[in-house]
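J.:
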Amino acid sequence: MKVNGTHYRSLWWNTDLEALEIIDQRSLPYEFKTQSVNTMEEYAAAIVEMRVRGAPLIGATAAYAMALAMKLDPSDANIDKAWDYFHETRPTAINLRWALNRSKALLLPLSPDQRAAAALQLAHEIADEDVDINAAIGRNGMALIKEIAATKKPGEPVNVLTHCNAGWLATVDWGTATSPVYHAHNAGIAVHVWVDETRPRNQGALTSWELGSHGVPHTYIVDNAGGHLMQHGLVDLVIVGTDRTTNRGDVCNKIGTYLKALAAQDNNVPFYVALPSPTIDWTIADGVADIPIEERDAHETSHIQGTLPDGTLQSVKVTPDGTPSGNPAFDVTPNRLVTGLITERGICPASEQGLREMFPELASKAGGV
Ligand code: MRU
C-alpha cells in the first residue's frame with residue numbers, strides 16, 4: 304500500500320545488501336523508519352520486539368530468517384537449530400511454525416550447497432503468495448460490504464469495526480481484515496471503520512495510520528466502546544484478523560477480540576474473521592484448551608507511549624507503584640460466535656466441515672502445517 308504516494312510492502316529484499324528491509328513498526332504512527340536485518344539475532348529481535356508483527360508478516364520474516372541461517376551454515380543440524388531458535392520468538396501466531404516447517408521440508412532433501420538459494424527463493428514465494436492471498440480475501444470480503452451498502456441511503460457509509468492491526472503492516476501487503484475495506488473503498492463504496500485502540504500496544508494507531516494514508520474514513524475508539532456502538536446500530540459488521548484458527552474454526556486473535564464477538568452476537572451484528580489458509584492450525588480443534596497464549600512484558604500494560612507536542616516520543620506510567628500488571632496478548636473466540644471465515648477461496652462457516660470443504664487438500668494432509 305502507499306506511504307506518502309510511494310508503494311511499499313511491509314518487507315522487501317535488498318539485493319545489494321543481501322539483507323531484508325523491514326518497517327520498524329515500533330516507531331509508527333509517529334515516524335516511518337525502515338531498517339535492514341541481516342543477523343540471526345536481528346531477525347529474532349525484530350519478531351520478539353514487534354518491529355515486525357502480525358501473523359502473516361511474522362511467517363514471511365521467519366522464511367527470510369531461515370535463508371540467512373542456510374547462508375551461514377547449511378548443515379542438517381543447523382536447519383533444526385535455526386527452526387528451534389526462531390520458533391521460540393513468539394508462541395501464538397501459527398504462521399511462524401507454518402513458514403519454518405515449509406522451509407525445513409524444502410531444505411532437508413537438498414544438498415547443503417543448494418540450500419541457501421532455495422530458502423531465499425522460498426521466502427520470496429511466501430511473500431508473494433501472501434500478497435495474492437490477501438488480495439483474494441479482499442475481493443471475497445468486499446462482497447459482504449457491497450451487500451450491506453445496497454441497503455443504505457446514497458452516500459451513507461457501511462460501518463466496519465476492527466480490532467488490532469490486521470492491515471497491510473501485519474501482512475506483506477493489503478492486510479487481511481482491512482483488505483475488504485481497501486477493496487470496497489477503491490471500488491467507490493462508502494465505508495467507515497471504527498478502529499479499536501487495542502491496548503496495550505495500540506495497534507489501532509497503526510490501523511488508523513494505514514487507513515488515513517489511503518484516505519479511508521475512520522474513527523479511533525477506546526477498546527470498551529464497541530458494545531455501545533453496536534447497541535446503537537452504528538456497526539454494520541465486524542471484521543478481524545486471526546493469529547491461529549483451529550480445524551473447527553475457533554479463532555485466536557489479539558486480546559479483546561472475544562469481547563467484541565460476544566457483543567456482536569448480543570446485537571445481531573455479523574462477526575467475520577479474515578483468514579488466510581496458512582493461519583489454520585489443522586492439528587488442533589479446541590482453541591481455548593490448546594492454543595498457547597503469549598504473555599508479554601507487564602511494562603507494556605503499566606506504561607503507555609505517545610508523543611509530546613514537540614514530537615518527542617514519551618512513555619508514561621499509568622499504574623500506582625507496586626501494582627502488578629498482567630499482559631496476555633491474545634484470546635480465543637469460539638467458533639459459535641463467528642459468522643463466517645473470509646478466506647482466499649471464499650467465505651465459509653467457522654466449522655470443521657466448512658474449513659474442510661474449503662481446503663480439502665490441506666485438511667487431508669496429516670498435521671496440515
Ligand atoms: O501482537 P500482534 O500485533 O502481532 O498481533 C496481531 C494480531 O492479532 C492480528 O490481528 C493478526 O495477526 C492478524 S494479522 C493479518
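For the sequence shown, our numbering gives the first residue as 304, with consecutive numbering after it. Beta carbons are placed, not taken as given, at the ideal position from N, Cα and C, and that holds for glycine. It should be emphasised that the depicted structure is a prediction, and the values quoted were computed from it without experimental measurement.
(1) Please report the Cβ distance between SER511 and HIS521, rounded to the nearest whole angstrom; I am assuming they are in contact, meaning their Cβ atoms lie under 8 Å.
(2) Please list, in chain order, all residues of the same chain as ILE451 whose beta carbon is under 7 Å from its beta carbon, the five residues on each side excluded.
(3) Does DSSP classify THR318 as helix, strand or coil?
(4) With DSSP as the reference, identify every bridge partner of THR548, one or two as the case may be.
(5) Rank ASN489, GLY518, ASP499 and THR479 by C-alpha distance to the C-alpha of ASP546 and give the top, closest one.
(6) For PRO503, count neighbouring C-beta atoms within 10 Å of its own C-beta (all shown protein chains included) and say buried if the count is 16 or more, exposed if not.
(7) I need the straight-line Cα distance from LEU644 to ALA439, nearest angstrom please.
(8) With a cut-off of 8 Å on the beta carbons, I'd call ILE558 and PHE633 a contact; round off their distance for me.
(9) For THR560 versus HIS466, is the C-beta spacing smaller than 7 Å?
(10) Curious, which full-length alpha helix (DSSP H) runs of at least 4 residues does the stretch 444 to 527 contain?
(11) Pick helix, strand or coil for PHE335, following the three-state DSSP scheme.
(12) Excluding five sequence neighbours on each side, which residues of the same chain lie with their C-beta closer than 7 Å to the C-beta of SER406?
(13) Would you say the beta carbon of ARG599 comes nearer than 6 Å to a heavy atom of ligand 1?
(14) With C-beta atoms as the reference, is ALA363 less than 7 Å away from ILE429?
(15) Is GLN608 near ligand 1, judged by its Cβ being under 6 Å from some heavy atom?
(16) Count the other CB atoms, across all protein chains shown, that sit within 10 Å of the CB of ARG312; report buried if there are 16 or more and exposed otherwise.
(17) Any heavy atom of ligand 1 inside 6 Å of the beta-carbon of THR549?
(18) Do you know whose CA, among ALA446, ASN489 and LEU360, lies nearest ASP433's CA?
(19) With respect to 6 Å, is the separation between the Cβ of CYS467 and the closest non-hydrogen atom of ligand 1 below this value?
(20) Please classify HIS602: is it buried, with 16 or more other beta-carbons within 10 angstroms of its beta-carbon, or exposed?
(21) Take LEU314 and list the residues in its own chain whose beta-carbon comes closer than 8 Å to its own, dropping the five residues that flank it on each side.
(22) Does ligand 1 have even one heavy atom less than 6 Å from the beta-carbon of ALA438?
(23) Comparing alpha-carbon positions, which option in ASN638, ASN468, GLY458 and HIS427 lies nearest THR318?
(24) Can you grab the Cα-Cα spacing for the pair ASN437 / TRP477, in whole Å?
(25) Is the CB-CB distance between ASP553 and ASN638 below 7 Å?
(26) Give the straight-line distance between the Cα atoms of SER249 and LEU611, rounded to the nearest whole angstrom.
(27) Could you tell me whether any non-hydrogen atom of ligand 1 is closer than 6 Å to the CB of LYS686?
(28) By the 10 Å Cβ neighbour count, where 16 or more other Cβ atoms means buried, how is GLN656 classified, buried or exposed?
(29) Which residues bound the alpha helix (DSSP H) around TYR575?
(30) Could you check which residue in ASN556, ALA592, GLN568 and VAL591 has the C-alpha nearest to that of LEU640?
(31) Under the three-state reduction of DSSP, which class applies to VAL434: helix, strand or coil?
(32) Quick check: ASN398 and THR582, are their CB atoms within less than 7 Å of each other?
(33) Just mark SER414 as buried or exposed, buried being the case when its beta carbon has 16 or more other beta carbons within 10 Å.
(34) Determine, using beta carbons only, whether GLU500 and VAL525 come nearer to each other than 7 Å.
(35) Can you grab the Cα-Cα spacing for the pair HIS535 / GLY507, in whole Å?
(36) Between THR604 and ligand 1, is the CB less than 6 Å from at least one heavy atom?
T.: If we stick to the structure as given:
(1) Rounded, the Cβ-Cβ distance is 6 Å, consistent with contact.
(2) Around ILE451: VAL461, ASP539 and LEU540.
(3) It is coil, neither helix nor strand.
(4) Answer is VAL554 and ILE583.
(5) The candidate whose alpha carbon is nearest that of ASP546 is THR479.
(6) PRO503 is classed as buried because its beta carbon has at least 16 other beta carbons within 10 Å across all chains shown.
(7) Each residue's alpha carbon lies about 13 Å from the other.
(8) The pair is a contact, with the Cβ atoms about 6 Å apart (cut-off 8 Å).
(9) A contact, by the Cβ cut-off of 7 Å.
(10) Those alpha helix (DSSP H) runs which fall completely within the stretch 444 to 527 and span 4+ residues are 481 to 489 and 506 to 516.
(11) Here PHE335 sits in coil by DSSP.
(12) Take SER406, set aside five residues on each side of it, and the residues of its chain with a beta-carbon closer than 7 Å to its own are ALA366, MET369, ALA422 and LEU425, in chain order.
(13) No - ligand 1 has no heavy atom lying nearer than 6 Å to the Cβ of ARG599.
(14) Their beta carbons are under 7 Å apart, which means ALA363 touches ILE429 by this criterion.
(15) No - ligand 1 has no heavy atom lying nearer than 6 Å to the Cβ of GLN608.
(16) With at least 16 other beta carbons inside 10 angstroms of its own, ARG312 counts as buried.
(17) No.
(18) The option with the nearest alpha carbon to ASP433 is LEU360.
(19) Within the cutoff, so yes.
(20) The residue is exposed, with fewer than 16 neighbouring Cβ atoms inside 10 Å.
(21) Within the same chain, LEU323, GLU324, ILE325, ILE326, VAL355, LEU360, ALA363, THR364, TYR367, ALA430 and VAL475 come within 8 Å of LEU314 by CB-CB distance, once the 5 residues on both sides are set aside.
(22) False, no ligand heavy atom lies under 6 Å from that Cβ.
(23) The shortest Cα separation from THR318 among ASN638, ASN468, GLY458 and HIS427 belongs to HIS427.
(24) One C-alpha to the other measures close to 6 Å.
(25) Taking a C-beta distance under 7 Å as the contact criterion, ASP553 and ASN638 qualify as a contact pair.
(26) Examination of residue 249 is not possible in this model, given that the chain is present from 304 through 672 alone.
(27) Nothing can be reported for residue 686, as the shown portion of the chain is limited to 304 through 672.
(28) Counting every other CB atom within 10 Å of its CB across the protein chains shown gives GLN656 a total below 16, marking it as exposed.
(29) Taken as a continuous stretch (DSSP letters only), TYR575 belongs to no alpha helix (DSSP H), being part of the beta strand (DSSP E) at 574 to 577.
(30) Looking from the CA of LEU640, the closest CA among ASN556, ALA592, GLN568 and VAL591 belongs to GLN568.
(31) Reduced to three states, the DSSP call for VAL434 is helix.
(32) Cβ atoms of ASN398 and THR582: closer than 7 Å.
(33) With fewer than 16 other Cβ atoms within 10 Å, it is exposed.
(34) One thing to note: GLU500 has its Cβ within 7 Å of the Cβ of VAL525.
(35) A direct Cα-to-Cα measurement between HIS535 and GLY507 gives close to 22 Å.
(36) No, the beta carbon of THR604 sits no closer than 6 Å to any heavy atom of ligand 1.
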